[in-house]
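First up is the structure itself, then whatever we jot down about it.
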Amino acid sequence: MSRFFSEKYKGLDPYTPGEQPKDMQYVKLNTNESPFPPSEKAIAYAAEAAKSLQLYPDPECSVLTEKLADLLGVDKSEVIINNGSDEILNFAFMAFCDKNTPAIFPDITYGFYPVFAQINNVPYEEIPLQKDFSINISDYIGKGKTVVIANPNAPTGMALPLSDIEKIVASNPDNVVIIDEAYVDFGGESAVPLIKKFDNLLVTGTFSKSRSMAGARLGFGVGSKELIRDLNAIKYSTNPYNINRMTAAAGIGVLEDEEYTRKNCLTIMETREETTEKLHAMGFETTNSKTNFIFAKHESAPGELLYTELKKRGVLVRHFKKERICDYIRITVGSREQMNTFISALEAVLEEIK
0 MSRFFSEKYK GLDPYTPGEQ PKDMQYVKLN TNESPFPPSE KAIAYAAEAA KSLQLYPDPE
60 CSVLTEKLAD LLGVDKSEVI INNGSDEILN FAFMAFCDKN TPAIFPDITY GFYPVFAQIN
120 NVPYEEIPLQ KDFSINISDY IGKGKTVVIA NPNAPTGMAL PLSDIEKIVA SNPDNVVIID
180 EAYVDFGGES AVPLIKKFDN LLVTGTFSKS RSMAGARLGF GVGSKELIRD LNAIKYSTNP
240 YNINRMTAAA GIGVLEDEEY TRKNCLTIME TREETTEKLH AMGFETTNSK TNFIFAKHES
300 APGELLYTEL KKRGVLVRHF KKERICDYIR ITVGSREQMN TFISALEAVL EEIK
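All letters in the sequence shown, in the order written, are residues 0 to 353 by numbering that gives the first Met the number 0.
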């Protein structure tokens, strides 16, 4: 750090994004991207929008907001569009947490939560997952803090039923409960319908995973009109033009092609189950994933060794160094061809270790 770096950020531990290596061509199964390209309609709309890049985009993303609200069954005043779900999550930490209102979230979850807390000078508590990596909902009942839960969780892939989410929200009426649904389209239950019942619920989502738009950076939040008004106060005090014209247009296109999205999600879920069965046959343990990735470990091969050996063979997966999960690898569900390549490489690694 330079000598000019503010003291308030000296202890900041930045988020580490997944590798984007350029040294060779990999079967890339490390960052939970979709194996499918964006909808052709999304691509065409983005190309048309590129003709008007000399003009500022609509700060309200009016058309996109209305279409998304219709799809989710809510009013457009209950939706905010953001630059990826990371931005809406950061805005939520800014808006609903402070020194008197700490944040609380699991100890094994999306790695950006503690970073958002640190950069916004918010005290936070990390609650250990249970031995099987499940969330004990009693740990979040009546906490008097801003609750943040990824559902399904990452990197474990496990999901809570909607009834458990409702219990948590109902028990914290004077605090916001944030449910991060980045992976909900792969088998989870969305909490969006509950915003009609609870004014303290914020649900966040992304176009990165199920809608094949990771490179476009498009996310959203859904909550009561009052919560969305709070978040817009942060947005308009930060960057009102946070969604460029091409991204907004692509978002409209993909929402108009929902059948394409649903078909891709179904294929990914089928491929996930097929790959999980093959892993079990090879002696791997896996969690019950409701996401577009698999969290797996093998008793004969440490996670770091699997990651390193697979990388040597041109297959990239994600490994985490945190003690409780260091024996696991997280495997994005790619195309069937990619997963066959992964399984073949994994078999070669295990044979070599044997």
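For glycine and all other residues, C-beta sits at the position ideal for the given N, C-alpha and C.
Check	Outcome
Nearest-angstrom Cα separation, counted from Lys130 out to Thr30	25 Å
Cβ-Cβ distance between Tyr240 and Tyr55 below 7 Å	yes
The region 261-273 touching the region 71-84, judged by at least three CB pairs closer than 8 Å	no
Neighbour-count burial assignment, His279, 16 or more Cβ in a 10 Å radius	exposed
CB of Lys289 within 7 Å of CB of Gly141, strictly	no
Alpha-carbon to alpha-carbon, Pro13 and Val73	35 Å
Coil, strand or helix - Arg271 by DSSP	helix
Residue span of the beta strand (DSSP E) that contains Thr205, given as start and end	Leu200 to Thr205
Beta-carbon proximity list for Phe92, same chain, < 7 Å, skipping 5 on both sides	Ala102, Phe115, Ala116, Asn119 and Val121
Validate contact between the region 26-42 and the region 51-66 using beta carbons, cut 8 Å, 3 pairs	no
Lys310: first and last residue of the uninterrupted alpha helix (DSSP H) it sits in	Gly302 to Lys311
Spatial distance of Phe341 from Pro16 (CA atoms)	22 Å
Under the three-state DSSP convention, the category Tyr25 falls into	coil
Thr155 versus Arg335, Ala344, Thr331 and Glu336, residue with shortest Cα-Cα distance	Thr331
Selection from Leu305, Tyr139 and Ser334 that minimises the alpha carbon distance to Asp326	Leu305
Sub-7 Å separation of Ala94 and Asp229 beta-carbons	yes
Ile328 beta carbon near the ligand MN (any heavy atom closer than 6 Å)	For the structure depicted, the ligand MN is absent and the ligand set is empty, with no information on it obtainable.
C-alpha gap between Leu63 and Gly250, whole angstroms	7 Å
Beta-carbon proximity check, Asn152 vs Thr108, cutoff 7 Å	yes
Extent of the continuous beta strand (DSSP E) run through Gly218	Gly218 to Gly222
Complete alpha helix (DSSP H) runs within the region 18-99 (minimum length 4 residues, chain order)	39-48, 61-71 and 83-95
Contact the region 155-171 vs the region 284-300: 3+ CB pairs below 8 Å	yes
Bridge partner(s) assigned by DSSP for Leu145	For clarity, residue 145 is Thr in the given sequence; the question names Leu instead. According to DSSP, which records beta bridges pairwise, Thr145 is partnered with Ala102.
Continuous alpha helix (DSSP H) stretch holding Phe341: start and end	Arg335 to Ile352
Presumed contact (8 Å Cβ cut-off) between Ala46 and Arg244, rounded CB distance	Actually they are not in contact, since the Cβ atoms of Ala46 and Arg244 sit about 11 Å apart, beyond 8 Å.
Cβ neighbour criterion (16 or more within 10 Å) applied to Asp69	exposed
Which listed residue (Ala215, Leu71 and Cys96) has its alpha carbon closest to that of Val183	Leu71
Cβ shell of Tyr112 (< 6 Å), same chain only, five flanking positions each side left out	Phe104 and Val147
Residue from Asp106, Ala295 and Ser76 with nearest C-alpha to Arg317	Ala295
Cα-Cα separation between Leu315 and Gln19, rounded to whole angstroms	10 Å
Distance CB(Leu193)-CB(Leu200) smaller than 7 Å	yes
Contact set for Tyr259: own chain, Cβ-Cβ below 7 Å, skip 5 residues either direction	Ser38
7 Å Cβ shell around Asn171 - same chain, five flanking residues per side excluded	Gly141, Lys142, Val146 and Asn199
DSSP three-state assignment for Ile293, whether helix, strand or coil	strand
Reduced DSSP secondary structure (H/G/I, E/B, other) of Asp12	coil
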